Each structure stands twice: as C-alpha cells, then as structure tokens.
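Notes follow the structure.
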Amino acid sequence: MSAALLMPLKCSRHGKLIYKVFTQTQRHRYLSNVYPSAEHLRKFISENTEITGEQSLTPEIRLRLFTPRCRFWRERPELWPFDDPYWAIYWPGGQALSRYVLDNPEVCRDQTVLDLGSGCGASAIAAKLCGAAHVVANDIDTVAAVATQMNCELNGLEPPVCVTTNMIGSEPDAFSLILLGDMFYDEALATHLHSWLDSCVRVHGTKVLIGDPGRAQFESHSIRQLLHQLAQFELPESVREENYGLTFSSVWCYRPEL
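Residue numbering for the sequence shown follows my numbering, beginning at 19 and increasing consecutively.
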C-alpha cells in the first residue's frame, strides 16, 4: 500500500472522523477495481470537494479538499467508491514543507523534484511555483493523481508528471530533490523509507526534505538522528483545532553522514 494512503488520520479531528467512518464498514468498489475515466473522476472530485487553502500555512495555494460542507464528510462510508481519500486533507507536515519551499525558492529552482506520497499535490505545486525544472508527484491512488492535476490547474500551472506505482524500494531515479510530507506515521514504513532514501542519497546525491509535525513514530525512529532541522512553523488556529496536540510543524534535511 502506498505511503500516501496510510497518512496519520488519527492525528486530525476530521481525519479521525474519516478514519472511523472508513474502517467501520466495507466500502463498495468499482468492478475489478478499475477506476472510471479521468473525466468521470474530475467530475466526482469537483462535486465532492471544496476549493480552500486560505486557512493553511500556504494561503497562496488553492486546493480541492474535504470540508464539513462536503457530502462525504457525513455520508455513509459504504457509498464511497474509491480508496480512502487521504489526498483530500492537507496534512500539517505537508503544509510546513510547502511553506518552506515557497519561502526558499532556490531549493527547487532548476531542480528535478519528486513529491513522494504526494496526496493533494501541494508540495509539487510549491516546487513548480518556485521554478523546478521537472516535477514528479507519486501516489498510488489514481484519484489522488487526478486531484493533483486539478489542483495544479487551480493554481494556473501545468500538472506535474503523476506516477501511481509505488516508488519506495525501487531502483532510485536521479532526482536532485525529494520532498516528503507526513510520511513517518508508521514504524515499518519509516524503516523502509530510511533504507530507500539512503540509497537515493548514496547513488545520486539526492537532497531530501521532510515535513513532520512531531508525530511519535517520527520522533522515536532512528532516522531522527540523521536529520537537521531547517525550519519550524506555528500552525494556524484552524489547523491546530483539527490536529490534536499538534501546534507546530517542522522541516528537516536528511543527512546520513551525521
């Protein structure tokens, strides 16, 4: 399962609600797990999300997300036809990472960038706004890929390349920068990520930036000793209210030589 589909729902009020709802009953799936056309997905996303973002750390980025006014915030879970909609929430680690990129455009300018576990695509959008030469958004959820394309268009950008295969553990491509927001929510995944990121750095000299609000699985993992903190952001009040016990979110640089 993709990292982006395992985001830490339990740490968010609306995420906690979605986690409870979507794990209580078995959802209906499309026959043979085949997704409908991109046109159908675009229509579905448009009808079941709301354009927002003003209350986040990156108010200059507009995103289609779930809000309490959206149908599936309160709809019966068995009516949701796809994989869990983790792409429909703007996680605090991703917010901090996108804010850092926007504040430091030289980090992405002229670089080849991978937004790993891209979800709504906010970090990919930030990279494109800052002049990245090439951006890939990786999330195995086909709906997330379509949502990322739509979110880019909302911000007046050409969509990035969207890859829906799981890249973690694969032969590392020659990206100059990898962005990861809210990926360290599971110890096994964190360990797998650690190994793969180390390969990317060793083989290609890739720079790795990580956004995380201080989740327990991140703070207690051995990779934490190899990270240098670059920035810390105070979360907006609305984001605090939606994330139990989380008031700040930080950005870290992965430095395996430490």
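Glycine is no exception: its CB is placed at the ideal position from the N, C-alpha and C atoms. Model, not experiment: these values are computed from the prediction.
Check your understanding: Helix, strand or coil: which one does DSSP assign to Ser268?
Key -> strand
Exercise for review: For the alpha helix (DSSP H) containing Val161, list its first residue and its last residue.
Suggested key: Thr160 to Leu172
Check your understanding: Should Ile143 and Asn173 be called a contact, given that it needs their Cβ atoms to be closer than 8 Å?
Key -> yes
Check your understanding: Unbroken beta strand (DSSP E) runs of length 3 or more, entirely within the segment 54-132: which are they?
Key -> 68-70 and 81-83
Review point. What are the boundary residues of the alpha helix (DSSP H) that includes Gln235?
Key: Ala234 to Glu237
Review point. Helix, strand or coil: how does DSSP classify Asp230 here?
Key: strand
Practice item. Please state if the CB of His222 and the CB of Phe193 are separated by a distance shorter than 8 Å. Key: yes
Check your understanding: What residues in its chain sit with their C-beta under 6 Å from that of Pro231, if we drop five residues either side in the sequence?
Key -> Pro110, Gly111, Leu264 and Ser267
Exercise for review: Let me know if Gly229 comes out buried or exposed under the rule of 16 or more other beta-carbons within 10 Å of its beta-carbon.
Suggested key: buried
Check your understanding: Taking the alpha-carbon positions, what's the Ala56 to Phe90 distance?
Key -> 20 Å
Practice item. Determine the burial state of Thr183: buried for a count of at least 16 other Cβ atoms within 10 Å of its Cβ, exposed for fewer. Key: exposed
Point to revise | In DSSP terms, what Gly199 is bridged to | key: Gly229
Practice item. Classify Ala165 as buried or exposed, calling it buried when 16 or more other Cβ atoms lie within 10 Å of its own Cβ. Key: buried
Point to revise | Coarse secondary structure for Glu252, derived from DSSP in three states | key: strand
**Study point:** DSSP three-state assignment for Ala155, whether helix, strand or coil
**Key:** strand
**Study point:** Endpoints, the beta strand (DSSP E) within which Cys138 is located
**Key:** From DSSP, Cys138 is part of no beta strand (DSSP E); its letter is neither H nor E.
**Study point:** Touching by the beta-carbon criterion (3+ pairs, under 8 Å), the segment 256-263 and the segment 198-208
**Key:** no
**Study point:** Straight-line Cα distance separating Leu227 from Arg273
**Key:** 10 Å
Review point. Looking only at its own chain, which residues have a Cβ that is under 6 Å from the Cβ of Ser217, when we skip the five neighbours before and after it?
Key: Pro190
Review point. Whose C-alpha, out of Glu176, Ala163 and Pro177, is nearest the C-alpha of Leu59?
Key: Ala163
Practice item. Between the Cα of Pro77 and those of Ser136, Tyr262, Cys271 and Leu253, spot the shortest distance and give me the residue it belongs to. Key: Leu253
Review point. Which word fits Ser74, buried or exposed, when buried means at least 16 other C-beta atoms lie within 10 angstroms of its C-beta?
Key: buried
Check your understanding: Shortest alpha-carbon distance to Lys61 belongs to which of Val161, Leu175 and Ala151?
Key -> Val161
Practice item. Just tell me which of Ser188, Glu237 and Gln235 has its CA closest to the CA of Thr215. Key: According to the sequence shown, residue 215 is Leu rather than Thr. Cα-wise, what sits closest to Leu215 is Ser188.
Review point. What three-state label does DSSP hand Cys180 in the structure shown?
Key: strand
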